[in-house]
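Here the structure is laid out as structure tokens; the discussion comes afterwards.
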Amino acid sequence: MQWQAGIRMGTAANRKGLWPAWWMLGDAMRHGTGWPMCGELDIFEQINGLMEGFGTIHCGQKEGGVCNEPKGRGVTTTIPDNEFHNWALVVDRTSNNWQTETIQWLRDGAPFSTVTGAEIGDQGIWSTLAHSPFYMLLNVAVGGNLPGDPDASTESGYGNMMEVSYVGVYESV
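When we follow UniProt numbering, the leftmost residue of the sequence shown carries the number 1, and every step to the right adds one.
Here you go:
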């Protein structure tokens, strides 16, 4: 299964306290399973306007565990410019073996991280991440623990936008 979107960020010089993101939360959250046990897959996040895109997994227990909570298990890739880029997450279950199945992050078709079930090392947690339903969220958060609060230098307006040209979800049959 593949989730893909064309996203670009604004060009404001100071974006302190801003946190644009495209992410998925495990549907189990809607049915009483708490975070991070429900699973979270962050496909793209940008913090404070830095020219880095983050991809992160959140899973399991709230402190520590295989996903290093509350920080999560994540990687970064450089954002080359403020033009549209295609961000994608691919869950590949074709091996039919949870240990060799993969979750892979891509920017403009190039992989920047891959995690296998064997790396997670827990079949139940892997099942939550790779075999359970998720719902998508696209948002620009303002303030919070990770980006910190905006300050007087944070610019407002169009320069701080997150623009989405499309979102696609693809499933092989």
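Where a beta carbon is used, it is the ideal one built from N, C-alpha and C, also for glycine.
{"Asked": "Assigned secondary structure, asparagine 160 (DSSP; H/G/I helix, E/B strand, else coil)", "Found": "helix"}
{"Asked": "Residues of its chain near threonine 11, where Cβ-Cβ distance is below 8 Å and the 5 sequence neighbours each way are ignored", "Found": "Asn82, Gly159"}
{"Asked": "Per DSSP, cross-strand counterpart(s) of residue 174", "Found": "Because the chain is modelled from 1 through 173, residue 174 falls outside the range shown and cannot be assessed."}
{"Asked": "Element boundaries [beta strand (DSSP E), containing glutamine 104]", "Found": "102-107"}
{"Asked": "Length of the line joining the Cα atoms of aspartate 122 and glutamate 171", "Found": "25 Å"}
{"Asked": "For methionine 29, the three-state DSSP class (helix, strand or coil)", "Found": "helix"}
{"Asked": "Cysteine 59 CB to nearest heavy atom of the ligand MG below 6 Å", "Found": "Within the structure as shown, the ligand MG is missing, as the structure has no ligands at all."}
{"Asked": "Through-space distance from arginine 15 to valine 66, alpha-carbon basis", "Found": "32 Å"}
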